[in-house]
Each structure stands twice: as C-alpha cells, then as structure tokens.
Amino acid sequence: MNLSDPVEKLPYVGGVYAKRLHRLGIEKVGDLLYHFPYRYNDFSKKQKIQSLTANTESSIEGEIVETNIIKTKTGKTLIKSVIADGSGAIEAVWFNQPYLLRTLKKGLKVGLAGKVEPFSGRISLVSPEFEILVGERGPTHTAGLVPIYPETSNLSSKWIRSRIKSVLRKITPVKIEEFLPENLLKRYRFPRIEEALSNIHFPKDLKDVKKARDRFAFEELFLLNLRSLKSKKIWKQNKIPVKLSYAKHKEEVDSFIKELPFELTGDQKTALGEVLSDLEKDTPMNRLLEGDSGAGKTVVAATAAYLAYLSGAKILFMAPTGVLADQHLETLQSLLEPKGLKIQIHTGTKKTGTGDNFDLLVGTHALFHKKEGFEGVGFVIIDEQHKFGVEQRAKLLKKVKGGQVPHLLTLTSTPIPRTLALTVYGDLDLSVLEELPPGRKRVKTFVISERKRQSCYEWVKERINNKGDQVFVVCPLIEESDKETMQQVKAAKAEYERLKSVFKGIKVGLLHGKLKPKEKEAVMKGFRKGKIKILVSTPVVEVGIDIPNAAVMVVEAAERFGLASLHQLRGRVGRSDKESYCFLFSTGSDTQTLERLKALEKESSGFKLAELDMKFRGPGEMYGTRQHGLTGLKVADLTDSKMLKIAQDAAGEVAPKLGKHPLLSERVGKLSSRLVELN
Ligand code: ADP
Ligand code: MG
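Quick note on our numbering: the sequence shown kicks off at 84 and runs consecutively.
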C-alpha cells in the first residue's frame, strides 16, 4: 500500500468511516499519518492496583473477574467490572454503555487508564479508557503517552489511534519513502520520516515529540518556500505588454522626485530604487511594498506610475473602498496631473473613465466588471492588497489582453516581520518601509477605563475648541469580517447619536458602508475640509484614510481588535507635526487583555507590535491564514524566526536542483498554488 492510496483501502475503513475521515480532511493514507495529535494523555505511570490512590491518573493491567450491568433508579445503565492484578482488585464503572457487558468478559486481560476517584464509598476507575489485550501485543490506548487527535462526530481518538498504529506497526504495510534531501536531514539532525511519524503518534517521551515536530515544522515551511520559488519562476516566464524604461526617462523621473513637497525617506528611496529596477526588465514585476500606515507608500507607487506613463503604458490603481479610491484620486491628481496624466476614476458609483480615455485609472472592485479599455495597461498597483483575494488579483491582471502580464505592485500596511513575510509572501519580491517620514510625532496612546470616559470627553472637547483638532471615533468590532454587517452600521449610528449629545455645539459626522456614495463623499469632504470635527465610523471604512489634521483617535471596545488593527487605526492620526493622541476604551478587564492593549502605550513600531500580537493571539488570528494560503500549516510556528530562516535557506539551496529530487518535487506540485494564475 502507498501513502497516496485512498483510506478506503485500509482494513476496518469502509464507506461510513471513510466519509467521517473525509470530514477531517483525510482522504489518503498519507493524510491519516499526517493527522497529528494535539496532545497526549500521560499514562506512562503504570501501577499495581494495590498502590492506587484517589484523584490520580493511573494506568493498570489486569484480568476481568466479573462484569455486571446495573439499572439505576433514573433508568440509566451502569457497567461495573472488577479487575484484579495479583496485588489487589478494583472496580471500574462506565455509564450508559450497556454493550460493554458483552465486551468485558470474565477472564479477559485488559488495560485500563484514567482517573481513580471515590465512587460509592471506595476508590474506583470511573469511565476509564480500556482495551482488551490479546497475546503478546502491548497496550495502545492505556499506557505510555497516548495521542489525542482532532476528532469529529462518531470518530474517536481511540479509533483513529488504532488505524494509525496498524499502519505504522506494519500490521498493514505501507511504503513510506523519505522525500527530504539526505544532506538536509543530516545537517539539521532531523529524524527520518518513518521515525518522525512513529514518534509523533507513539512517542516514548516528549523529547521524541519535539524532534518529530521540528522535522514536520521544517517540512511544512520548506515546502511552502519551494512552492513560492517555483511560483516566482513561473511568473518570470510571463511577458509584459508594454516595455517600461527608467533609463530612458531618468531625467523626468528624477525631477519629479525633486519637485515633491518633501524629501523621500531613505527607505522610500531604497524601495523606489527596487521598483524602478524591476520595471526596467522584460519580465513583469511582482513586488510587495510593505510599510506601516503613514510610511508613505502612495508616493512610491505614484512615482513608478509616472515612469509607466512616460514609457507609454496605462496604469490601474486599485483601492479596496470607494472612500480610499476618492482619496487616491485626489492625491494622484495633485501629483500627476501637472505632469500631463489624464486621471479617471471607476468605482461602483463614479465612472469618469469610459472606454480607454485615461492614462491612470483609479478604481475599486467595480473595475472587475469594466469590459474594455485595458489595452495598453502596463502597470497595475493594488493598494491594501490583503483586502483582495488571490482570484480577484488574477481577474484584474487577466483583463490585459493577449495573455500578457503587466507589472504588478501591491501595497500593504500589515506590518509583517521580514522573515515571516518572506515565507508568507515568498512568491513576491519584497520592499519594506520601516522608517516613517520625519517630523512625525509619536501618537500618545492611553488605555482608558470606563470610569474615565467622561473626563476623557472633556479633554477632547477642549482640544477641538482650542487646538482645532479633528477626531476619529471607531465603533466596536462586532464581527471579525471584511464586510460590514448591518449590526455594525447600527452600532455606529447609535454611537453617532450618543456623541451628538455629548459634544453639543460641535459638528459630528457619521461614516459607514451603507451610506449612499454621495452621502459618504459629502461626509469625507466635510471632514477633510475641517467642517466636521468628530467622525464616527465603523471599523471597516477606515483603512488607508489620510487626513493630516486629525489628531485624536478614539477606539471603542478596543479589546476586540488585534494589536495590528489597532495600530493601523492609530496610524490614521499623527500624520502631521501636530501632537496626536489615541484613546483605547476597553470594557475587558482581565489582565491579559489589559496587558495586550498596554503594549500599544509603549510600542510605536508596527513591526514590533505585529510580533507581540502573534505571541498573544497567534498568527492565524492576525493575518487571516486563509488569505495567505497558510491553512495547511499544522505544526510550524510562524513566530519561530530561526526555523523560518532555516527553511528559507534550505529552499533557496534546493530549488535550482529540484529536478534531482522527484519525490520532493512531487510534494511541491501537490501544494495548491497561491500563484496568480493566468489562463
Ligand atoms: P501609507 O503608507 O499609509 O499609504 P501615505 O502614502 O498615505 O501612507 O502617506 C501618508 C502621508 O505622508 C501623506 O500625507 C504623504 O503626503 C506624506 N508623506 C509621504 N512621504 C513623505 C515624506 N518622505 N516626507 C513627508 N511626508 C511624506
Ligand atoms: Mg495607503
């Protein structure tokens, strides 16, 4: 039998059990072996019956002396067995499993494990794990470290354990071939696959488990990296529709940079350099520009867009929301219209770009439905790329006819530490803006308890009246969702009404996704122009908004957000040389919540906070694993930067000669591709 055979082929696995296994994502024999325990019951302390004491976990072996069934007054059944081992005897009881009467026959040898508890006046084993021991074969379920698996209804750990044991103990011989290169196994001292599988399921001790888990963690990350490198290679085989050249337009681009109202930061210069050198090539760029909010990604993208325009290419600039598209339109118009670019917008409600009457088209998801005007598009920018799915990005690129692929620059303000980003986004080239533009003051951040709410409002009132500050108020996150729910809108409306009466005489605005686009625009304009002083909004609308005069950010029920999201929200203020503040209202009072939020008081680097957030909440919570194709990771710990690095290096080393490792190559091929696939 092979690892790639369907589980149906295994003994005791008929159609019914196969269906249940499928529910756990187990289709092949290999999947079964890769269904790892998440913990172990420690039954390694085998005892004589005589030495058992109350309230301890114990494991015994003995012979069944008798088994009886008892009906209780309430109509339940009780199975009682007496087990003896020469040193003494003990009763074991099970509830409502009358069929055990036939299983637990007098004279059989059994293993039992579980808690010893007082029961009707003496110590007994209450609902212990048990197994009938036949011949010389030792216990599987009642001694040693016993693996506990993710289960599903009618599929117990015990059943899964038996099947896995049978496969691993050659009761059902399965061919397990090593697919990791020998030199890597040696270099990092990883156990070979058979040993690792055997030890992760049936370890002698926890050291075995650790070694096995290390190997599987490496395996996952190594494969992920190899797949990324493969995707990258395939991407590079694409041809661009329009040739861009910085070399030809150096003078104009350089003077554009000189004319900017500010000097680019060192990181911006480096990133722009990387982008421009990609754009020089005949293969399409696929670069991610990562930078904390406010780091100034837009201007880097705009400069590259200018070069594209000079080279005769059209440009698409995608934003995740209409509000953000409006803002980009304004920014890009002020930067690029003086240079002669015709800039249009295409959102759900505003379509000034009919046909192909544009040089640069700013848009939202609505662009997916635009039918024409994509000829000559040579450069695509996607802002806040994590808000778009892989398929959506592909759909946009596919609009460019002739199977050609334009240069792609994606932007994200999720600050993922570089080592992790290289794994998560391994198929992209990476540029990072870590440095913020100069003059930015640190946003003073405070976690505020309910008691201080009123005095906080007084203080805010004062800032508005005396310093002309503008204020964001972000409503609680009700559901973790990219889409705004009705409930969310309701909460925002209620907060808006409440604040209108708290801040009498001050203009309060309300922004949420269910507003009509015209209304939304009016609100944003009012805020941008400083007429609206306090803007109440849902959490969703916020991403990317740039209002330099806004200096106070208030977040309600802050504990519901991750640190990275809070940091993003906070990034909406402190965008000028104004003293800026962030107030986090928290209803949660447990110390872990407070400790987590307090991290924001001390830490102002998005990258540091991202690391902390991963420690507090785990990477899945944080980045939405689905988005990053990391759902397959079962063992790897994404905060383990040492392992991330080892896997990256190893992949870099093996990738060029992957052909020499057919089994490995096959594994890589099986990982579903995150690549933006074209046709
Ligand atoms: P983000 O990276 O979050 O998209 P933006 O591109 O919106 O940030 O930039 C935030 C603000 O910083 C904008 O108002 C922009 O004009 C300004 N900015 C960008 N780069 C610099 C710089 N080098 N010096 C000063 N201000 C800058
Ligand atoms: Mg931005």
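Glycine included, C-beta positions come from ideal geometry on N, C-alpha and C.
Between ligand 1 and the CB of Glu-260, the shortest heavy atom gap is not smaller than 7 Å. The alpha carbon of Leu-362 has as its nearest neighbour, out of His-411, Thr-430, Lys-322 and Ile-628, the alpha carbon of Lys-322.
Contiguous alpha helix (DSSP H) elements confined to the region 595-649 occur at 600-611, taking only those with 4 or more residues. Every beta strand (DSSP E) of 3 residues or more that sits fully in the region 218-283 is shown, in chain order, as 227-231.
In the assembly as shown, Tyr-389 is a buried residue. Its beta-carbon has 16 or more other beta-carbons within 10 Å.
Residue side-chain check: Leu-418 keeps its Cβ at 7 Å or more from all non-hydrogen atoms of ligand 1. Asn-151: not part of any alpha helix (DSSP H); member of the beta strand (DSSP E) spanning 139-154, first to last residue. For Ser-496, the Cβ falls inside the 7 Å cut-off from some heavy atom of ligand 2. Per DSSP, reduced to three states, the secondary structure at Glu-518 is coil, with no helix or strand assignment.
DSSP places His-105 in the helix class (H, G or I) of the three-state scheme. Close CB contacts of Glu-642 within its chain, under the 6 Å cut and outside five residues either way in sequence, are with Ser-669, Gly-671 and Thr-676 (chain order). Sorting Leu-372, Ile-589, Met-569 and Glu-302 by C-alpha distance to the C-alpha of Ile-729 places Glu-302 at the top. For a cut-off of 8 Å, the C-beta gap from Ile-173 to Ser-207 is around 6 Å, short enough to register as a contact. Counting along the chain, Leu-362 sits inside the alpha helix (DSSP H) bounded by residues 349-362. Shown here for Asp-660: same chain residues with a beta carbon closer than 6 Å to its own, the five before and five after excluded, namely Gly-522 in chain order. Taking the CA atoms as reference points, Ser-620 sits about 52 Å from Gly-98.
In terms of CA proximity to Leu-419, Glu-342 leads the group Glu-342, Ile-589, Lys-524 and Lys-601. Apart from sequence neighbours up to five positions away, the residues of its chain that approach Val-112 with a beta-carbon distance below 8 Å are Met-84, Asn-85, Leu-86, Ser-87, Asp-88, Pro-89, Val-90, Lys-92, Leu-93, Val-250 and Val-257, ordered along the chain.
CA-CA distance, Gln-731 to Lys-163, rounds to 57 Å. For Asn-321, no alpha helix (DSSP H) segment is defined, and its DSSP state is neither H nor E.
With respect to Ile-617, Val-591 sits close: the two C-beta atoms are nearer than 8 Å. A contact is defined here as three or more CB-CB pairs under 8 Å, and the region 464-480 meets this definition with respect to the region 393-404. Distance check between Ile-589 and each of Phe-262, Ile-547 and Lys-454 places Ile-547 closest, using alpha-carbon atoms only.
The shortest CA-to-CA distance from His-448 to any of Ile-426, Leu-480 and Val-460 is the one to Leu-480.
Sixteen is the threshold: when 16 or more other Cβ atoms of the shown chains lie within 10 Å of the Cβ of Phe-126, as they do, the residue is buried. According to the DSSP assignment, Gly-197 belongs to no alpha helix (DSSP H) but to the beta strand (DSSP E) extending over 192-202. For Leu-393, the enclosing alpha helix (DSSP H) starts and ends at 380-393. Cα atoms of Asp-291 and Pro-230: separation of roughly 13 Å, rounded to the nearest angstrom.
Of the residues Lys-316, Asn-369, Gly-379 and Glu-357, the one whose Cα lies closest to the Cα of Leu-347 is Gly-379. For ligand 2, no non-hydrogen atom lies closer than 7 Å to the CB of Thr-493.
DSSP places Ala-172 in no alpha helix (DSSP H) but in the uninterrupted beta strand (DSSP E) bounded by 172-178.
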